[in-house]
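Colleague: Here you go, one structure.
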Amino acid sequence: KVGTEAIDFDGLATKFSLSKKKMEGAPASKTDANKFASLLLSGEFVEDTSAAAHADFRSQLQDKLKGVVLNKDTALKRTTTKESTGEATPEEIKALSNLYAQC
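Under my numbering, think of the first position of the sequence shown as 21, with each following residue one higher.
Below you can see the structure in the form of structure tokens.
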């Protein structure tokens, strides 16, 4: 379990041709999300341990992640951040005054 989400080792292994056994055997797999992600992205869970297999895995993963990131339904949207000057507005002063009067 990483954070509050259970890791679907079967799903990851099937989707990315990874070793479920290697994922489950990694000590950090169930407790440290950053370490697990680092191991995953470095190709530690790839069945074939050759450098070519690692490169191929990273390429495939990158292609699949682009589809998720570029999906308009799931992509982050730009917003305008409201910045405060530190000065209370007349409305805020009145609201606090009314609240104080009720106490």
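We put the beta carbon where it would ideally sit given N, CA and C, even for glycine.
(1) Kindly list the residues whose CB is nearer than 7 Å to the CB of Lys41, restricted to its own chain and excluding five residues on each side of it in sequence; keep chain order.
(2) Where does the unbroken alpha helix (DSSP H) through Gly45 begin, and where does it stop?
(3) Looking only at its chain, what residues have a beta carbon closer than 6 Å to the beta carbon of Thr24, apart from the 5 residues adjacent to it on each side?
(4) Mark Leu60 as exposed unless 16 or more other C-beta atoms lie within 10 angstroms of its C-beta, in which case mark it buried.
(5) Measuring only the C-alpha atoms, how far is Asp28 from Ser62?
(6) Quick check on the DSSP output: the alpha helix (DSSP H) that includes Lys114 runs from which residue to which?
(7) What is the C-beta distance between Ser37 and Glu64, in whole angstroms, given that I count them as a contact (C-beta under 8 Å)?
Modeller: Answer, in terms of the structure:
(1) Counted from its first residue, the sequence shown places residue 41 at position 21. Closer than 7 Å at the Cβ level, and outside the excluded window around Lys41, lies no residue.
(2) Counted from its first residue, the sequence shown places residue 45 at position 25. Residues Lys40 to Gly45.
(3) For the purposes of this step, residue 24 is taken as the residue at position 4 of the sequence shown. Residue confidence for Thr24 is low, a pLDDT of 45 falling below 50, so the modelled location carries little weight and cannot support an answer.
(4) Indexing the sequence shown from 1 puts residue 60 at position 40. The residue in question, Leu60, is buried, as its Cβ has 16 or more Cβ neighbours within 10 Å.
(5) By one-based count along the sequence shown, residue 28 stands at place 8. By one-based count along the sequence shown, residue 62 stands at place 42. Taking the straight line joining both Cα atoms gives about 19 Å.
(6) Within the sequence shown, the letter at position 94 stands for residue 114. From DSSP, the alpha helix (DSSP H) with Lys114 extends over Pro110 to Gln122.
(7) If you number the sequence shown from 1, residue 37 lands on position 17. If you number the sequence shown from 1, residue 64 lands on position 44. Wrong, their Cβ atoms sit about 14 Å apart, outside the cutoff.
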